[in-house]
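Numbering (the numbering used here), first residue to last: 91 to 149. Glycine included, C-beta positions come from ideal geometry on N, C-alpha and C. Here is the structure we will look at, set down as structure tokens.
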């Protein structure tokens with residue numbers, strides 16, 4: 091039986107170079123900072139969107 095390869099010996103996933111996805115703006119001021127003049131959609135949910143976007147609703 092062959093020993094398991096250590097986890098960190100595997101190459102990193104290719105998309106890792108892009109970093110995490112940015113947070114969505116939650117106010118008009120945040121839209122202005124991003125240079126957005128309008129929204130295509132507005133998401134209204136009772137789910138949390140506090141520490142990380144993945145904690146909100148699935149889109």
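Segment limits, alpha helix (DSSP H) that includes residue i
i	result
residue 91	That residue, residue 91, is in no alpha helix (DSSP H); it is neither H nor E in DSSP.
residue 124	118 to 124
Spatial distance of residue i from residue j (CA atoms)
i	j	result
residue 128	residue 121	8 Å
residue 99	residue 106	15 Å
residue 126	residue 102	33 Å
residue 112	residue 124	11 Å
residue 116	residue 110	18 Å
residue 134	residue 108	28 Å
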